[in-house]
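Protein chains in written order, with our numbering: chain A, 2 to 497; chain B, 2 to 497.
Protein chains: 2
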Amino acid sequence: MLPDNKKSYQMSKEEYDEIKERMKVELSVLQQQVIAAKIPVIILFEGFSASGKGTAISSLILNFDPRGFNVYSMREPVGRELRKPWIARFVERIPAAGRISVFDRSWYSGLTWVREEIISKEDLHSDLEELKLFERQLTDDGYLILKFFLHISEKEQKRRLDRLLMDKETAWRVTKADLEKLKNYKKNLRFYKSVIEVTDCPHARWVIVNAQNRYYMRATVMQRVAEELRVALHKCTTVQPEQEVVGKPYVSKKFTLLHTRKIQDYELNREMSQEEYNKKHSELNDKLQKLHNRIYLNRIPIIIGFEGNDAAGKGGSIRRVARSLDPRGYAVHPISAPTSDELARHYLWRFCLRLPVTGHIAIFDRTWYGRVLVERVEGFTPQVRIMQAYNEINEFEYMLHKWGAIIVKFWMAIDKEEQLNRFKARENTPEKRWKLTEEDWRNREKWDIYENAVDDMLRYTNTEFAPWTVVESNSKLYARIKVLETILDAVEKRLI
Amino acid sequence: MLPDNKKSYQMSKEEYDEIKERMKVELSVLQQQVIAAKIPVIILFEGFSASGKGTAISSLILNFDPRGFNVYSMREPVGRELRKPWIARFVERIPAAGRISVFDRSWYSGLTWVREEIISKEDLHSDLEELKLFERQLTDDGYLILKFFLHISEKEQKRRLDRLLMDKETAWRVTKADLEKLKNYKKNLRFYKSVIEVTDCPHARWVIVNAQNRYYMRATVMQRVAEELRVALHKCTTVQPEQEVVGKPYVSKKFTLLHTRKIQDYELNREMSQEEYNKKHSELNDKLQKLHNRIYLNRIPIIIGFEGNDAAGKGGSIRRVARSLDPRGYAVHPISAPTSDELARHYLWRFCLRLPVTGHIAIFDRTWYGRVLVERVEGFTPQVRIMQAYNEINEFEYMLHKWGAIIVKFWMAIDKEEQLNRFKARENTPEKRWKLTEEDWRNREKWDIYENAVDDMLRYTNTEFAPWTVVESNSKLYARIKVLETILDAVEKRLI
């Protein structure tokens, strides 16, 4: 796997200078083409300490327009970063379309930072699977991922660290951890090997660079980047983007889907008297208030998503939930059409930015399910990508679940007559009129198409770790109580 | 100043319930009007521990649509927050137009978190001045700021903390710091009094609420918020927004402006031979490379801004600077038209988000001076606000300076003929053609109007702590060397 260090990968300064000059023109032209083709590019560097990651990055990016890339030097997480899923701070830094994110250490180093020590291959397995999913989700979305591993021998690493230590200008760069790692060179090498082996995928290959000779290393990095950009650009211009293979929603076999009924099989007219409502509401309110303390103390992150027909009462239900919570421990995220920044990235990106920290509650008023609802119905996104989204969303929620989050998802359902009544009521009530838009009427015309999309959504994303709750909402009182009860159930199950 | 605690501010549950019902309707209607009028609203709560800030916030926000506000519970800064100006994390959370940000503890608490202990009135003075500027900048921009201080007596505070401590469900809420503060109640009271006295300004008044009785306190908070929202909405609809008092650039007397020449008085044809360039460039490059280490070790933040005529060579110069730097220690921020999120907030907000951490370098390709250049020339912003911007920008840069930042600002100047030559060269070079847009030609037609704006900018924002450097750029070689030398000078001056 790793390049043989006995063999010499030498290069003279003259040879390097010549390549460098050529690359300067080539890479800067390629960058302009990447911008024009709107390809988001991730280039990450991993490798032994003192293997020359900084040098590699410096010489590479000199060829790029600095307005088109960012370099992220990732170190161990601190502060609030420790209270988010460990992958989140990498996700936050993915590039927008046409931009390049260069990572000096990446999620591969991130993997080891969240642990006491290097883990055996078996323990690591599930985390690496998660990383592979993460990378595959990006490449499926059109991202290009280049992964470089810079390799030097034990002897060479020792020589370089010693030299840095000797000069007082550079000695501070060598940390205790570096020296510790040098001691465990062989163990580390085995670790890297196994990680690379498992995560070397067709969509995101590793490039292992022999870094004994700095000229050879720098030239290799530049040439490989140019080559990969060329291939990506070529693909981009030759593949027909409008493949109209509609297909069916795809979900990987590893997800067990729970049994789901269709919306039309629900009895949406569940009633509740005002009296019963008052009594239950005050009970549930007290319970949730108390539980919020324990959620905080136990550092459990909670994610609550609301979807539903227009005028089904999402807002009202969210208010009732919010009332029982300490305002310092939750946030409501209204989700509307994505901004230009959000549109230029993977569709799950904006939700990653809004995840709660541990012990907090994030309430989403509309969610990532917009992908398989409005985007599917209105054709904002190619159908092929929509069909992949069911699986991607399951993967996303599984990641949240593994992190420790409680996930509660509501579909607030009303029938067509009830919606008409509510629309009319809104029209006739001055302080509610703002809630009703032209779009609501347009959506109503597509009632059946939406209902199909909802049925598919419920069917293909109803998992044990992130189950759907359909809330029969023709009666607002009944609906609000069911929402509160469902949240309480989910939390109590965990806290017991 | 603070309300007399001997007097009783009592309220019965019945009285409160009645007010609460009334406020429910009133506040929710007012919020809709705030959204329609696009007023950004900040409501902050300060006060003794256990004075009921959480309760006050809970009962207030129940009246609002949760999709229109955020609650920020601010605690002591950690991690990277400590490497930004202390006010930055508050700035990041200012609301967009039509939204409400509620702060549970605010910049007033922030003031004390960055210090070992409470400081004497004199020491505090300059920090409070900075806070006042911050608030005034926001209100000048149309923000509404409501500041609540919840006041309880020493006896009452002790009683409340004791009660919390007795119940094991709530005991964790009482921190050592709380008990410490109780011991120093009188000293703290004096401190709060002096802070409130200094920062009670017409544009951002304090409301001191007697919080001995929770009903009274909650009712008062709701009523005051409603009142202030009504006043703000009234102002909004009656004041003529299009006051065409053009006026002159305004700069407060406290800023000493350095002497500045007009652009036309510069000799833009400064030459440099390729030979001299090569020699100097390699020297400067080496120096900057070494200094970058020391900048990092000394934790100095550096902010470099590039402005200039179209095609003056900003990009080329930025590349030359970037080449001498460790890519892990700097970031280039290209600034173009603001996104919708950015447009909905104060114009300096997006630059606050891009400040470097200590020890890092932020290079801005175009800057906050867009306010007094393109926005002034194209009339994107009312002239009254533009004329205030010179002073606001000086205040902003002064804040950065006080934080410890080195600020370097370049105006890259070429003459009209040279620009024409460069435009034509770009048209004729395929790999450079993307650089030239229709807009460049349109801007060129307004050459004289732009030059006036540039002269005003140089004249009114040239300060000792953030001086302008005009770079004669008809010769690219000369310009690049001057840029590097200027940066080196500024850094060396600080490091010696």
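Glycine included, every Cβ here is placed at the ideal spot set by N, Cα and C.
In the DSSP assignment, residue 365/B falls within the beta strand (DSSP E) that extends over 362–366. Contacts between residue 79/B and chain A, judged by CB atoms closer than 9 Å, involve 79, 80, 81 in chain order.
Within the region 58–77 of chain B, the residues whose Cβ lies closer than 7 Å to some Cβ of chain A are 58, 59, 62, 63, 66, 67, 68, 71, 72, 74, listed in chain order. At a beta-carbon threshold of 8 Å, none of the residues of chain B lie near residue 407/A; the nearest stands roughly 19 Å away. Within the same chain, Cβ atoms closer than 6 Å to the Cβ of residue 48/A are found at 54, 150, 151, the five residues on either side in sequence being excluded. Among the residues of the region 309–340 of chain A, those with a Cβ less than 7 Å away from any Cβ of chain B are 316, 319, 320, 323, 324, 327, 328, 329, 332, 333, 335, 340, in the order of the chain.
Each of 454/B, 10/B, 31/B, 491/B was checked against the Cα of residue 234/B, and the nearest Cα belongs to 31/B.
Bridge partners of residue 335/B according to DSSP: 366/B. Annotated three-state conformation of residue 371/A is helix, per DSSP. Buried is the label assigned to residue 52/B, since at least 16 other Cβ atoms lie within 10 Å of its Cβ. According to the DSSP assignment, residue 148/A belongs to the beta strand (DSSP E) that extends over 145–152. Neighbours of residue 11/A in chain B, taken as residues whose beta carbon is under 8 Å from its own, are absent, since the nearest beta carbon is some 26 Å off. At a cut-off of 8 Å between beta-carbon atoms, residue 138/A makes no contact with chain B. Listed along the chain, the chain A residues whose CB falls inside 7 Å of the CB of residue 298/B are 173. The continuous alpha helix (DSSP H) containing residue 454/B extends over residues 448–461. Apart from the 5 residues on each side of it in sequence, residue 28/A sits with its Cβ closer than 6 Å to the Cβ of 64, 227 in its chain, given in chain order. Secondary structure in the region 213–287 of chain A: the alpha helix (DSSP H) runs of 4 residues or longer, each lying completely within the stretch, are 215–239 in chain order. Using a Cβ-Cβ cut-off of 8 Å, residue 435/A counts as an interface residue toward chain B, since at least one Cβ of chain B sits closer than that to its own. Under the three-state reduction of DSSP, residue 394/B is assigned to helix. Within the same chain, 93 come within 7 Å of residue 354/A by CB-CB distance, once the 5 residues on both sides are set aside. For residue 73/A, the enclosing beta strand (DSSP E) starts and ends at 70–74.
Around the beta carbon of residue 173/A, a 10 Å sphere encloses fewer than 16 other beta carbons of the protein chains shown; the residue is thus reported as exposed. DSSP places residue 12/B in the coil class of the three-state scheme, outside both helix and strand. Using beta-carbon distances, residue 279/A does not count as an interface residue toward chain B, since no partner is under 8 Å.
Measuring C-alpha to C-alpha distances from residue 312/A to each of 369/A, 59/A, 416/A, 276/A identifies 416/A as the nearest. Around the Cβ of residue 138/B, a 10 Å sphere holds 16 or more other Cβ atoms; the residue is buried. Apart from sequence neighbours up to five positions away, the residues of its chain that approach residue 293/B with a beta-carbon distance below 7 Å are 326, 327, 330, ordered along the chain.
Of all residues in the region 28–46 of chain A, the ones placed with a Cβ closer than 9 Å to any Cβ belonging to chain B are 29, 30, 33, 36, 37, in chain order.
Under DSSP, residue 410/B forms a beta bridge with 306/B, 469/B. Around the Cβ of residue 144/A, a 10 Å sphere holds 16 or more other Cβ atoms; the residue is buried. Interface annotation, residue 170/A: in contact with chain B, CB-CB separation under 8 Å.
The beta carbon of residue 143/A sits no closer than 8 Å to any beta carbon of chain B. Closest in C-alpha terms to residue 25/A, from the list 257/B, 73/B, 320/B, 129/B, comes 320/B. Around residue 366/A, the beta-carbon contacts reaching into chain B at under 9 Å are 67, 68. Take the alpha-carbon of residue 276/A and the one of residue 308/A: they are about 28 Å apart. For residue 432/B, the nearest beta carbon of chain A is closer than 8 Å to its own beta carbon.
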